[in-house]
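Reviewing the structure listed below.
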Amino acid sequence: MLNVINGSTEKPITSHTLREWLTSKDGLDGTLYIGYPIIGTVDGAYEIDALLISPQLGVLAFNLIEGNKLPDSIEDIQDECFTLLESKLKQYKELMERRKLLVNINVITIAPVLKDDFDRIDTDYPISTNQHSLIEYIDKLEWNEKENYPHLVSVIQAVSRVKVAKKRENVTKDDSKGAILIKLDQSITNLDSQQSKAVLETVNGVQRIRGLAGSGKTIVLARKIAYLYAKNKEWRIAVTFNTRSLKNQFKKLITSFVYEQTNELPDWDKIHIIHAWGSPKIEGIYYNACLENGVTYEDFGTASSVAGRDKAFAHACGEFLKEVSNPRPMYDLILIDEAQDFSVEFLNLCYNLLDKNKRLVYAYDELQTLTESSLPSPEKIWGTDDNGKPYVTLTNNVNEPDKDIILDKCYRNPAPILTSAHALGFGVYREIFSGLTPEGQPKFSRQLVQMFDYAPLWQEIGYEILDGELTEGKDVVIRRRKEASPELLEKYCSHDEIIQFQCFNDTDGQSLALVNAIEKNIKEDELKPDDIMVIHSNPLTTRTAVAEARNMLFKRGISSTLAGVSGSPDDFFEEDSVMFTSIYRAKGNEAAMVYVINAQYCAEGTGLGTKRNILFTAMTRTKAWLRVFGVGENMKAIQNEFEQVRDNGYVLEFKYPTAEERKYLRIVNRDMTEQEKNKLYKRQNQLEEVVQELLSGEIHKEDLPQDVIESLRKALGL
Numbered sequence: 041m042l043n044v045i046n047g048s049t050e051k052p053i054t055s056h057t058l059r060e061w062l063t064s065k066d067g068l069d070g071t072l073y074i075g076y077p078i079i080g081t082v083d084g085a086y087e088i089d090a091l092l093i094s095p096q097l098g099v100l101a102f103n104l105i106e107g108n109k110l111p112d113s114i115e116d117i118q119d120e121c122f123t124l125l126e127s128k129l130k131q132y133k134e135l136m137e138r139r140k141l142l143v144n145i146n147v148i149t150i151a152p153v154l155k156d157d158f159d160r161i162d163t164d165y166p167i168s169t170n171q172h173s174l175i176e177y178i179d180k181l182e183w184n185e186k187e188n189y190p191h192l193v194s195v196i197q198a199v200s201r202v203k204v205a206k207k208r209e210n211v212t213k214d215d216s217k218g219a220i221l222i223k224l225d226q227s228i229t230n231l232d233s234q235q236s237k238a239v240l241e242t243v244n245g246v247q248r249i250r251g252l253a254g255s256g257k258t259i260v261l262a263r264k265i266a267y268l269y270a271k272n273k274e275w276r277i278a279v280t281f282n283t284r285s286l287k288n289q290f291k292k293l294i295t296s297f298v299y300e301q302t303n304e305l306p307d308w309d310k311i312h313i314i315h316a317w318g319s320p321k322i323e324g325i326y327y328n329a330c331l332e333n334g335v336t337y338e339d340f341g342t343a344s345s346v347a348g349r350d351k352a353f354a355h356a357c358g359e360f361l362k363e364v365s366n367p368r369p370m371y372d373l374i375l376i377d378e379a380q381d382f383s384v385e386f387l388n389l390c391y392n393l394l395d396k397n398k399r400l401v402y403a404y405d406e407l408q409t410l411t412e413s414s415l416p417s418p419e420k421i422w423g424t425d426d427n428g429k430p431y432v433t434l435t436n437n438v439n440e441p442d443k444d445i446i447l448d449k450c451y452r453n454p455a456p457i458l459t460s461a462h463a464l465g466f467g468v469y470r471e472i473f474s475g476l477t478p479e480g481q482p483k484f485s486r487q488l489v490q491m492f493d494y495a496p497l498w499q500e501i502g503y504e505i506l507d508g509e510l511t512e513g514k515d516v517v518i519r520r521r522k523e524a525s526p527e528l529l530e531k532y533c534s535h536d537e538i539i540q541f542q543c544f545n546d547t548d549g550q551s552l553a554l555v556n557a558i559e560k561n562i563k564e565d566e567l568k569p570d571d572i573m574v575i576h577s578n579p580l581t582t583r584t585a586v587a588e589a590r591n592m593l594f595k596r597g598i599s600s601t602l603a604g605v606s607g608s609p610d611d612f613f614e615e616d617s618v619m620f621t622s623i624y625r626a627k628g629n630e631a632a633m634v635y636v637i638n639a640q641y642c643a644e645g646t647g648l649g650t651k652r653n654i655l656f657t658a659m660t661r662t663k664a665w666l667r668v669f670g671v672g673e674n675m676k677a678i679q680n681e682f683e684q685v686r687d688n689g690y691v692l693e694f695k696y697p698t699a700e701e702r703k704y705l706r707i708v709n710r711d712m713t714e715q716e717k718n719k720l721y722k723r724q725n726q727l728e729e730v731v732q733e734l735l736s737g738e739i740h741k742e743d744l745p746q747d748v749i750e751s752l753r754k755a756l757g758l
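Numbered continuously in this note's numbering, the sequence shown closes out at residue 758.
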């Protein structure tokens, strides 16, 4: 099967013709890239019009002619293309056998407007003017070293040099976790077809990239920036995000990808890696917009005093948009990572700061939102005109770059971890008290925390139906498709070694177990300290909650860092140091061994949807092993949910809720305002006082009105 990636091209008509000619050929496998690759040379970026890579024929480059005249230098053009491709491929030893390149390279000129008299395919400089001659030419090509195709794909996608494995001189055992990481680093190099689409396919307008945790969204955005920068050096490009520690990660990735394609370092006056809010000390999308348009800037303190902490940034952006209906265009392209953490107001601000082409790319994972708000549809974000027509639609059309791309493969998280994270994030196996049996025994029933509004999304993100239907009100059983969760780690580790949950009686016991486990990871498992991340579930108490464990590690000679406090705010990991972090700093980062501590915080309580998203996000920070620790009865409940998904063979079994039921879930598990929380706490305290007085005999149940008792019984399902 031939996969087509529609990159940016200045030769759209011939590109369309070539695409039609090749996709109609039976039995042709591989990938056709339009407007790609771009090769770095001493003179800068060299763009190849189109490229076919195939296990059947190797590499076939196309020189596309739009007009009805051939350039005089057709031989020179083909020679330069061949020489640069050969030079590029020869840089990679996996494609070489001594001095011999193990890949066939051919170049052909495609000129569909020319008369057939110009057609010549049996020469050193072939020209095809029609489909018949092109197919005849391709059928004569052969490649005998097709086992090198995966290496060829990696080189063409410019991934190999960026995926530099961490040096591990400390590894001496063949079966240690450190040794396993070496093998994992060697196995993940290729982008899949959806990732390639997300990188190369760009539209004038809005483009959405949805992907699971670990599906490569950040790498995709960095590569997209490098690709579009190489083709459009005059563009003003901005990439923004919510997690500050992503800044240097983006800078390293973009630098590597730009150099790979242009042989030059990026011009940072054209590419802006920029925070969303900003301040007089730090550039930001919002802050710069205020300066450019003469609008009064609102800092966090000012905005939160009006709208509250959670709505502060949305308020600031909203006030800007009220004051300036037509801001000055500041960018040709804006890319937003972690878009699920931003408000509609911020997305509209970005949209309004773009030139007339409105190139906005936003990437997100719905379950990684750390507030109660999920992203609305594009129609709701950008609105409609006077006739009710949406300003932005994301419908994909055949033979055009995709506007809506889903990255369904998860390379970071092993399937047992991702499935468990979804089970806990949605509350698939969560049980709540639902009354008493006729014998007076407590009974429990399953109660979801949240659910996708669009049922087929489960299949789009890599699940398959084993039984039932993904339909409202129907029971369904789903699991990860094997191709959507490559079994990389499972080759070396059992599921029980990959993921473990543990409940402790108190926090002292949890801290001791954590420190003992980390020491074992370093001294016996041959992990480096910076392979390890410890995530505290409650972001408000992280600093004090992790102090004891960090002190114990220090006494054992193991260094640790608290993200954003004892380390750089723009970097995350520090060499030879265990990283302790809140969930906000952890987002966008990954580690080989992840410990989630005090997970009981995510079991129940107000804002349960957000708490479960915190747990999901924390669990999916690992690229190998996961340990979830917690304390008390609530942790036992969390552990029970995990054990059910484990005992069911890592499948999800649930009834897909109706629209009314989903609405109820959102209301019940929503985040509350401070006023709502205070009211709830007051009622809880009053109820606790009544219970204590009943138990102590200060008041008797006969003192309470019978109608109140009956109403309470009904409300509690007793």
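Heads up, the beta-carbon is just placed ideally off N, CA and C, and yes, glycines get one too.
Run the CB neighbour count on residue i, radius 10 Å, all protein chains shown included, and call it buried at 16 or more, exposed below.
i	result
L410	Only weak support is given to the placement of L410: the predicted model assigns it a pLDDT of 47, under 50, and the question is left unresolved by the model.
F466	buried
M675	buried
N629	buried
L602	buried
M41	exposed
G318	buried
N188	buried
L752	exposed
V438	exposed
N328	buried
V730	exposed
I212	With the sequence shown as reference, residue 212 is identified as Thr, and Ile is not the correct amino acid for it. That one is exposed.
I53	exposed
Per DSSP, which one or two residues make a beta bridge with residue i?
i	result
Q247	V401
I78	E87
N46	I74
K695	D515
H740	Per DSSP, none; premise fails for H740.
Keeping to the same chain, check which residues put their C-beta closer than 7 Å to that of residue i; ignore five residues upstream and five downstream.
i	result
E359	E338
I558	I572, L593, I598, V618
K237	I45, D442, I445
A352	F340, A343, S344
E385	A354, C357, G358, L361
Let's see if you can read the secondary structure: which residues bound the alpha helix (DSSP H) around residue i?
i	result
R590	587-595
R519	It is not in any alpha helix (DSSP H) - R519 instead sits in the beta strand (DSSP E) that spans 515-520.
W665	Here W665 belongs to no alpha helix (DSSP H); instead the beta strand (DSSP E) covers 662-671.
G358	352-363
N388	384-392
M659	648-659
V555	547-563
L129	114-129
H56	52-63
Does any CB atom of chain D fall closer than 7 Å to the CB of residue i?
i	result
D164	Protein chains in the displayed structure number just one, and chain D is not present.
Which same chain residues end up closer than 8 Å to residue i when comparing Cβ atoms and leaving out the 5 residues on each side of it in sequence?
i	result
C330	T336, Y337, F360
E176	I161
R596	V555, E559
Which residues bound the beta strand (DSSP E) around residue i?
i	result
P482	482-486
N638	Neither: N638 is in no beta strand (DSSP E) and is coded neither H nor E.
C543	539-544
I501	From DSSP, I501 is part of no beta strand (DSSP E); its letter is neither H nor E.
N629	Counting along the chain, N629 falls outside any beta strand (DSSP E), and DSSP gives it neither H nor E.
V279	277-280
Spatial neighbours of residue i within its chain, please: CB distance less than 6 Å, with the 5 preceding and 5 following residues excluded, ordered by chain position.
i	result
T71	N43, I93
S551	E588, A589
D312	First, the amino acid is wrong: residue 312 is His here, not Asp. Correct list, in chain order: A278.
G513	T698
Worksheet item: Taking the runs of the beta strand (DSSP E) that are 3 residues or longer, which of them lie wholly in the segment 143-197?
Response: 145-150
Discussion item. Please give the ranges of any alpha helix (DSSP H) in the segment 429-498, keeping only runs that are unbroken, at least 4 residues long and fully inside the region.
Written reply: 455-466
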